[in-house]
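Enquirer:
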Amino acid sequence: GSDSIAVRSILPAYFQTLQQARKTGNYDRANEVLDGLKKFQQKYGAEVIPSENRIEAEIIYNKVDIFNRLYKYFTLIGILMFVFLIVQIFKEGKIINSLIKICKYIIWAFFILMTLGLIGRWYVSGHAPWSDAYESIIYVAWATVFFGLAFGRKSDMTIASTAFVAAIILWVANQSWLDPAIANLVPVLDSYWLMIHVAVIVASYGPFTLGMILGATILLLILLTTKKNLPKMELTIKELTVITEMALTVGLVM
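Residue numbers (the working numbering): 451 to 704.
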């Protein structure tokens with residue numbers, strides 16, 4: 451009835467008054483229409499309107515744009531740490547060891563920021579942040595870094611490789627064909643299985659991705675092996691092989 455007419459006419463009316471306000475510089479009429487729209491929403495949609503805190507949280511989340519920024523930082527730190535580790539294989543020293551430690555701490559800081567970003571998205575949306583293509587990819591990036599740091603506690607090469615692959619995954623997430631908007635759950639995912647089945651299945655891509663990047667790293671190290679660095683390279687390759695097998699086993703179980 452009259453409600454549907456109001457809904458159909460209120461937005462065109464607002465845009466029209468807004469157009470006039472831009473010419474005159476007087477936004478009083480446009481603000482009146484906007485207030486009317488807000489009251490209409492509060493009257494008929496109070497149950498589904500997000501709270502002021504959630505609206506503020508979403509504005510902050512969008513301004514910070516954490517996942518879009520992190521892929522650039524992960525790329526920089528991952529490449530730097532990898533270069534430092536290659537240098538360390540050929541020539542070890544206090545300065546190079548300190549630089550590797552600094553890179554490791556920075557990657558830990560990035561992981562904490564990723565975790566806070568996911569928590570923020572969860573709070574704003576009201577559901578677990580792995581419900582669409584964009585969220586799944588950033589969740590896989592988070593899982594990859596999580597398993598990389600877990601398996602790489604004694605392997606700096608694992609952490610460097612993890613940072614590099616996390617950068618690639620986050621870069622893909624921020625391409626134009628993926629929509630980063632926070633939306634409602636599709637009906638098929640509106641279930642507690644989202645927290646159990648989907649969370650575990652999607653997280654398994656983390657250790658699988660880690661296994662892939664470590665396999666590529668091992669091949670690169672084989673290419674860089676010389677008679678002089680053979681003992682150290684063999685040790686590093688064996689270490690990475692063990693971690694790769696562990697990662698693939700965990701991924702398979704999940």
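Ideal Cβ placement from N, Cα and C applies to all residues, glycine included.
1) Between Ala-653 and Met-704, is the Cβ-Cβ spacing less than 9 Å?
2) Please report how far the alpha carbon of Ser-452 lies from the alpha carbon of Gly-486, in whole angstroms.
3) In the structure shown, what three-state DSSP assignment does Thr-675 receive?
4) Would you say Ala-649 and Gly-528 are within 9 Å of each other, going by their C-beta atoms?
5) Quick one: Cα of Ile-668 to Cα of Glu-502, how far?
6) Going by DSSP, what residue range makes up the alpha helix (DSSP H) through Ser-586?
7) Under a three-way DSSP split, which group does Ala-610 fall into?
8) Per the contact definition of three or more C-beta pairs closer than 8 Å, is the stretch 655-663 in contact with the stretch 683-698?
9) Helix or strand or just coil, what does DSSP make of Asn-481?
10) Tell me whether Ile-557 is buried or exposed, calling it buried when 16 or more other Cβ atoms sit within 10 Å of its Cβ.
11) Identify every run of the alpha helix (DSSP H) within the stretch 492-534, keeping only runs that are complete inside it and at least 4 residues long; order them along the chain.
12) Exposed or buried, what is Ser-603 when buried is set at 16 or more other beta-carbons lying within 10 Å of its beta-carbon?
13) In whole angstroms, what is the alpha-carbon distance linking Cys-553 and Ala-507?
14) Is the beta carbon of Asp-640 less than 9 Å from the beta carbon of His-577?
15) Taking Phe-561 and Leu-599 to be in contact with their CB atoms under 8 Å, please state how far apart those CB atoms are, rounded to whole angstroms.
16) Could you tell me the distance, in whole angstroms, from the CA atom of Ile-455 to the CA atom of Ser-575?
17) May I ask you to report which of helix, strand or coil DSSP gives Pro-657?
18) What residue from Ile-545, Met-645, Lys-488 and Ile-516 has the CA that sits closest to Gly-570's CA?
19) I'd like to check one pair, Thr-608 with Leu-671: are the Cβ atoms closer than 9 Å?
20) Where does Trp-627 fall in DSSP's three states?
21) Distance check for Tyr-584 and Ala-623, CA to CA, integer angstroms please.
22) Rounded to a whole number of angstroms, what is the C-alpha to C-alpha distance between Thr-467 and Ala-631?
23) So Asn-547 is in the alpha helix (DSSP H); what residue range does that whole segment cover?
24) So the alpha helix (DSSP H) Leu-685 belongs to, where does it begin and stop?
25) Going by DSSP, what residue range makes up the alpha helix (DSSP H) through Ile-646?
26) Please return the same chain residues whose Cβ sits closer than 7 Å to the Cβ of Trp-580, not counting the five positions on each side in sequence.
Expert: If we stick to the structure as given:
1) Locating residue 653 in the sequence shown gives position 203, counting from the first residue. Locating residue 704 in the sequence shown gives position 254, counting from the first residue. Going by C-beta atoms, Ala-653 is nearer than 9 Å to Met-704.
2) Translated into the one-based positions of the sequence shown, residue 452 becomes position 2. Translated into the one-based positions of the sequence shown, residue 486 becomes position 36. Cα-Cα distance, rounded: 15 Å.
3) Residue numbering aside, residue 675 sits at position 225 when the sequence shown is read from its first letter. Note: Thr-675 maps to coil in three-state DSSP.
4) The residue given as residue 649 occupies position 199 in the sequence shown. The residue given as residue 528 occupies position 78 in the sequence shown. In this structure, Gly-528 does not lie closer than 9 Å to Ala-649 by Cβ.
5) Numbered from its first residue, the sequence shown carries residue 668 at position 218. Numbered from its first residue, the sequence shown carries residue 502 at position 52. Cα to Cα, Ile-668 sits roughly 51 Å from Glu-502.
6) Walking along the sequence shown from the start, residue 586 turns up at place 136. 583-601 is the extent of the alpha helix (DSSP H) around Ser-586.
7) Residue mapping note: residue 610 aligns to position 160 of the sequence shown, counting from 1. In this structure, Ala-610 counts as helix in the three-state DSSP scheme.
8) yes
9) For the purposes of this step, residue 481 is taken as residue 31 along the sequence shown, with counting starting at 1. Three-state result, Asn-481: helix.
10) By one-based count along the sequence shown, residue 557 stands at place 107. By the 10 Å Cβ count, Ile-557 comes out buried.
11) 502-514
12) On the sequence shown, position 153 is the one that residue 603 refers to. Contrary to the premise, residue 603 reads as Arg rather than Ser in this sequence. Arg-603 comes out exposed.
13) Looking up residue 553 in the sequence shown gives position 103. Looking up residue 507 in the sequence shown gives position 57. Looking at the two C-alpha atoms, the distance is approximately 30 Å.
14) Counted from its first residue, the sequence shown places residue 640 at position 190. Counted from its first residue, the sequence shown places residue 577 at position 127. Yes.
15) Translated into the one-based positions of the sequence shown, residue 561 becomes position 111. Translated into the one-based positions of the sequence shown, residue 599 becomes position 149. Correct: roughly 6 Å between the Cβ atoms.
16) Numbered from 1 along the sequence shown, position 5 holds the residue referred to as residue 455. Numbered from 1 along the sequence shown, position 125 holds the residue referred to as residue 575. When rounded, the distance between both Cα atoms is 30 Å.
17) Here residue 657 corresponds to residue number 207 of the sequence shown, with the count starting at 1. Pro-657: helix per DSSP, three-state reduction.
18) Position 120 of the sequence shown holds residue 570. Checking every option, the nearest Cα to that of Gly-570 belongs to Ile-516.
19) As a working mapping, residue 671 is identified with position 221 in the sequence shown. As a working mapping, residue 608 is identified with position 158 in the sequence shown. No, Cβ-Cβ distance for Leu-671 and Thr-608 is not below 9 Å.
20) If you number the sequence shown from 1, residue 627 lands on position 177. DSSP places Trp-627 in coil when its eight states are reduced to three.
21) By 1-based counting over the sequence shown, the position of residue 623 is 173. By 1-based counting over the sequence shown, the position of residue 584 is 134. So the two alpha carbons sit approximately 6 Å from each other.
22) Counted from its first residue, the sequence shown places residue 467 at position 17. Counted from its first residue, the sequence shown places residue 631 at position 181. Roughly 28 Å separates the two Cα atoms.
23) Walking along the sequence shown from the start, residue 547 turns up at place 97. Here the alpha helix (DSSP H) through Asn-547 covers 544-575.
24) Against the sequence shown, residue 685 aligns to sequence position 235. It spans 680-703 - the alpha helix (DSSP H) in which Leu-685 sits, taken as one unbroken run.
25) The residue you call residue 646 lines up with position 196 of the sequence shown. Premise fails: Ile-646 is in no alpha helix (DSSP H) and is neither H nor E.
26) Counting from one through the sequence shown, the residue named residue 580 turns up at place 130. Excluding residues within five positions, the ones whose Cβ falls inside 7 Å are Ser-586, Tyr-589, Val-648, Ala-649 and Val-652.
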